[in-house]
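**Q**
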């Protein structure tokens, strides 16, 4: 068994053409992650450019309304570019720059990772090309224009389901045709080793801050931390520093779409099986022939048929729980947060909130829950209006 | 010596690839037999996968057509049985690892053995992950064909020393698909390979014309052609037999003369 495994999950199931590049990436990452200059530069970017540390906000009205555990929102939505994606992107872009790369490519679902990559490319003076399923370019049109404003070229991917997995396929194809000057900024804790580890490390700033913040505010650890999971990058970042704290429940909320008993779902843990795809062994939604299943969710960012290998491991080992949340529940939570706390969050993050709404009331008032508010919801306003049957004209 | 390797004893090999189930498995049976008769030395049968990340547009589309037409593993094995009633041409399955993982490695390679499918290639199982299948494939006498690419460099030695059947030399960066230019270090790659293994090597990715095939077969022990064949089937659908026979015999002649 090679390295880059989380139990049986992970690995490097990728074409020979990319293997040397993956080794090179791993070696460079291992060097720079311990390099004081690199870390200082990244810290400065986090602080001065991305706006970190992000707030840990006590949602008082929501807490009172639900009448149970004290609810805290980790406000990744307040980061520059409006989501947690910037944490990983600044890390990888800086690494790519140190490696002498001049061009960044990325896949994107909702567009948040694409926007973050286009942003970093602009900041570092690098070329940028983003692959996005054609279906997603339509439901997240604003983010497409945002990427173009930032100087990136957006490729609408017309193969397969025209969503996130197809965007990953095409980004991998592009990378295998041009590795010399190009770094593939993978956006989630997935893909071949070393990506799941690199992305998790850069995202772990979320739980590093949140753990300190909650100890300061509450004087003790939370009873649970909750995050939405597609590939699983904000959840991995939110969980990571709490993994050794055995009393803290780690809860990942998957997109159930129209329900896990329907084919229109993206809940991998609930409906998927063990498989090998996109460079990793993990759980995937697939049919009885081992073909990757078309998945569905209202959220373009969670609309992915797999889950990162470390999540698969946390699930198998029983350390983390994964629960399905439907479109309806997520939309309801999206509206609830807007009206209760005056915060319009990403529809992805609303999946996590929806589950918190279910459990908070039955928990005790001296317990607390941290929800990762992974992104802001401006990008979703038009889609939610459509979902509710409202005709919008901008 | 394995049956795959033996095929190279007779001279330079022409190795066509066809996507199984496009437009139907009945046609796959017919086209494989046609290509064998027209001079194909070894035939690669591509098992379609929903998300073929190493393929260009032509094979991606053929894979999706085959899946939409209702391709199943069971159907494929039945089709290969029919091929075997009429031909002993060496066959190789090429596919992504998930459908095989899902079918069960043991059951899959046992089936390969019973159908005399003597080789297996998977673009998403590099050297590092080879033990995923190597032991089981060996148990059933199936060669796991390794790939080397223009970026393999110092990896060539390890891959070569472990090679069986033949080594699949990827002609250029990127995905499958017809192209006009190839990596400039192909000769060097083959020279490297020959230093470390007796196993023959064939070049694939992007080859479509007899001139290109001859050029590649002059460097290596054979030439592999995928997208150009799959495109003939895409164009002519149920009526591709004659065009395939013409094409394969032209290509075989070009390779033979190299």
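Chains as they are written, first to last, in this note's numbering: chain A, 872 to 1265; chain B, 22 to 279.
Ideal Cβ positions, reconstructed from N, Cα and C, are used throughout, including at glycine.
Since the model is a prediction, treat every value here as computed from it, not as a measurement.
1) In chain order, what residues of the same chain have a beta carbon less than 7 Å from the beta carbon of residue 872 of chain A, not counting five sequence neighbours either side?
2) Closest to residue 1241 of chain A by CA distance: which of A:1143, A:1079 and A:1261 is it?
3) For residue 178 of chain B, go through chain A and note every residue whose CB falls closer than 9 Å to its CB, in chain order.
4) Taking 8 Å as the threshold, find out whether the region 260-270 of chain B comes into contact with the region 49-57 of chain B through three or more Cβ pairs.
5) Rounded to a whole number of angstroms, what is the C-alpha to C-alpha distance between residue 153 of chain B and residue 42 of chain B?
6) Report the CB separation of residue 955 of chain A from residue 1104 of chain A in whole angstroms; it is logged as a contact under 8 Å.
7) Residue range of the beta strand (DSSP E) that residue 139 of chain B falls in?
8) Judging by CA-CA distance, which residue of A:1041, A:946, A:1196 and A:942 is the nearest neighbour of residue 976 of chain A?
9) If we cut at 7 Å on Cβ distances, does residue 221 of chain B have a partner in chain A?
10) Going by DSSP, name the residue or residues bridged to residue 1144 of chain A.
11) Counting contacts by CB-CB distance shorter than 7 Å, is residue 888 of chain A in contact with chain B?
12) Would you call the region 1064-1075 of chain A in contact with the region 980-989 of chain A, where contact means no fewer than 3 C-beta pairs closer than 8 Å?
13) With a cut-off of 8 Å on the beta carbons, I'd call residue 832 of chain A and residue 1258 of chain A a contact; round off their distance for me.
14) Taking the C-alpha atoms as reference points, what is the distance between residue 1238 of chain A and residue 1115 of chain A?
15) Could you say if the region 994-1010 of chain A and the region 1018-1025 of chain A meet the contact criterion of at least three C-beta pairs nearer than 8 Å?
16) Across the region 248-256 of chain B and the region 74-83 of chain B, are there enough close Cβ pairs to call them in contact, namely three or more that are closer than 8 Å?
17) Starting from residue 56 of chain B, trace the alpha helix (DSSP H) both ways and give me its first and last residue.
18) If you reduce the DSSP assignment to three classes, tell me which class residue 1024 of chain A lands in.
19) Excluding the five sequence neighbours on either side, which residues of its own chain have a C-beta within less than 6 Å of the C-beta of residue 1221 of chain A, listed in chain order?
20) So is residue 132 of chain B buried or exposed if we call it buried at 16+ other beta carbons inside 10 Å?
21) Should residue 1059 of chain A and residue 1102 of chain A be called a contact, given that it needs their Cβ atoms to be closer than 7 Å?
22) Tell me whether the region 1208-1224 of chain A and the region 1177-1193 of chain A touch, counting them as touching only if at least three CB pairs, one residue from each stretch, are closer than 8 Å.
23) Using 10 angstroms around the beta-carbon of residue 189 of chain B, count the other beta-carbons present and answer buried if the total reaches 16, otherwise exposed.
24) Does residue 274 of chain B come within less than 7 Å of chain A when only Cβ atoms are used?
25) Could you tell me the distance, in whole angstroms, from the CA atom of residue 163 of chain B to the CA atom of residue 237 of chain B?
26) Mind checking the region 93-106 of chain B against chain A and listing, in chain order, the residues whose C-beta falls within less than 8 Å of any C-beta there?
27) Strictly under 7 Å for the Cβ-Cβ distance: is residue 118 of chain B near chain A by that measure?
28) Using a beta-carbon distance below 7 Å, is residue 40 of chain B in contact with chain A?
29) Between residue 1266 of chain A and residue 951 of chain A, is the Cβ-Cβ spacing less than 7 Å?
30) Are the C-beta of residue 1245 of chain A and some C-beta of chain B separated by less than 7 Å?
31) According to DSSP, simplified to helix, strand and coil, what is residue 92 of chain B?
32) Could you compute how far the alpha carbon of residue 1099 of chain A sits from the alpha carbon of residue 944 of chain A?
33) Out of curiosity, what's the CA-to-CA distance linking residue 1271 of chain A and residue 958 of chain A?
34) Quick check on DSSP: helix, strand or coil for residue 883 of chain A?
35) Please report whether the beta-carbon of residue 1146 of chain A lies at a distance below 7 Å from any beta-carbon of chain B.
36) Residue ranges of each beta strand (DSSP E) run of no fewer than 3 residues wholly in the region 95-158 of chain B, ordered along the chain?
**A** Let me spell this out:
1) For this step, residue 872 of chain A is matched to residue 1 along the first chain. Residue placement at residue 872 of chain A is poorly supported in this model, since its pLDDT is 47, which falls under 50; the coordinates still yield a value, given next. For residue 872 of chain A, where only same-chain residues beyond five positions count, there are no Cβ hits under 7 Å.
2) Position 370 of the first chain, counted from the first residue, corresponds to residue 1241 of chain A. Across the set A:1143, A:1079 and A:1261, the C-alpha of A:1079 shows the shortest separation from the C-alpha of residue 1241 of chain A.
3) As a position in the second chain, residue 178 of chain B is number 157, starting the count at 1. The contacting residues do not exist; residue 178 of chain B stays about 13 Å from chain A at best.
4) Between the region 260-270 of chain B and the region 49-57 of chain B, the count of C-beta pairs closer than 8 Å reaches three or more; the two stretches touch.
5) What you label residue 153 of chain B is simply residue 132 of the second chain in a count that begins at 1. What you label residue 42 of chain B is simply residue 21 of the second chain in a count that begins at 1. The straight-line gap from Cα to Cα measures roughly 27 Å.
6) Here residue 955 of chain A refers to the residue found at position 84 of the first chain. Here residue 1104 of chain A refers to the residue found at position 233 of the first chain. Right, their Cβ atoms sit about 7 Å apart.
7) For the purposes of this step, residue 139 of chain B is taken as the residue at position 118 of the second chain. For residue 139 of chain B, the enclosing beta strand (DSSP E) has its first and last residue at 138-142.
8) Mapped onto the first chain, residue 976 of chain A falls at position 105. Closest option to residue 976 of chain A, Cα to Cα, is A:1041.
9) By 1-based counting over the second chain, the position of residue 221 of chain B is 200. With 7 Å as the cut-off, residue 221 of chain B does not count as an interface residue toward chain A.
10) If you number the first chain from 1, residue 1144 of chain A lands on position 273. DSSP lists A:1155 as the beta-bridge partner residues of residue 1144 of chain A.
11) One-based indexing of the first chain puts residue 888 of chain A at position 17. Yes, residue 888 of chain A lies at the interface with chain B (some Cβ there is under 7 Å from its Cβ).
12) The region 1064-1075 of chain A, when compared against the region 980-989 of chain A, does not touch it at the 8 Å Cβ threshold.
13) Nothing in the structure corresponds to residue 832 of chain A, since chain A is present only between 872 and 1265.
14) Walking along the first chain from the start, residue 1238 of chain A turns up at place 367. Walking along the first chain from the start, residue 1115 of chain A turns up at place 244. When rounded, the distance between both Cα atoms is 19 Å.
15) Yes: the two stretches touch, three or more of their Cβ pairs being nearer than 8 Å.
16) Contact annotation: the region 248-256 of chain B touches the region 74-83 of chain B, with at least three C-beta pairs closer than 8 Å.
17) Indexing the second chain from 1 puts residue 56 of chain B at position 35. Residues 46-58.
18) Residue numbering aside, residue 1024 of chain A sits at position 153 when the first chain is read from its first letter. Residue 1024 of chain A: strand per DSSP, three-state reduction.
19) Counting from one through the first chain, the residue named residue 1221 of chain A turns up at place 350. Same-chain partners within the cutoff: 1201, 1204 and 1205.
20) For this step, residue 132 of chain B is matched to residue 111 along the second chain. Within 10 angstroms of the beta-carbon of residue 132 of chain B lie 16 or more other beta-carbons, which makes it buried.
21) Position 188 of the first chain, counted from the first residue, corresponds to residue 1059 of chain A. Position 231 of the first chain, counted from the first residue, corresponds to residue 1102 of chain A. Their beta carbons are under 7 Å apart, which means residue 1059 of chain A touches residue 1102 of chain A by this criterion.
22) In short, these stretches do not touch, since the Cβ pair count stays below three.
23) Working through the second chain from its first residue, we reach residue 189 of chain B at position 168. That one is buried.
24) By 1-based counting over the second chain, the position of residue 274 of chain B is 253. Answer no: the Cβ-Cβ gap between residue 274 of chain B and chain A never drops below 7 Å.
25) Start at 1 with the first residue of the second chain, and residue 163 of chain B comes out as number 142. Start at 1 with the first residue of the second chain, and residue 237 of chain B comes out as number 216. So the alpha carbons of these two residues sit roughly 26 Å apart.
26) From the region 93-106 of chain B, only 93 and 94 have a Cβ closer than 8 Å to chain A.
27) Start at 1 with the first residue of the second chain, and residue 118 of chain B comes out as number 97. Taking 7 Å as the CB threshold, residue 118 of chain B lines the interface with chain A.
28) Against the second chain, residue 40 of chain B aligns to sequence position 19. When Cβ-Cβ separations below 7 Å define contact, residue 40 of chain B makes no contact with chain A.
29) Residue numbering for chain A in the displayed model covers 872 to 1265; residue 1266 of chain A lies beyond these limits and cannot be assessed.
30) Residue 1245 of chain A sits at position 374 when you count from the first residue of the first chain. Taking Cβ atoms only, chain B never reaches closer than 7 Å to residue 1245 of chain A, which makes this a no.
31) Your numbering for residue 92 of chain B matches position 71 in the second chain. The answer is coil: DSSP assigns residue 92 of chain B none of H, G, I, E or B.
32) Against the first chain, residue 1099 of chain A aligns to sequence position 228. Against the first chain, residue 944 of chain A aligns to sequence position 73. Whole-angstrom Cα-Cα distance: 13 Å.
33) Residue 1271 of chain A lies beyond the residue range present for chain A, which begins at 872 and ends at 1265; the question has no answer from this structure.
34) Here the question's residue 883 of chain A lines up with position 12 in the first chain. Residue state, collapsed to three classes: strand.
35) Locating residue 1146 of chain A in the first chain gives position 275, counting from the first residue. With its beta carbon less than 7 Å from one in chain B, residue 1146 of chain A belongs to the interface.
36) Complete beta strand (DSSP E) runs here, min 3: 112-115 and 138-142.
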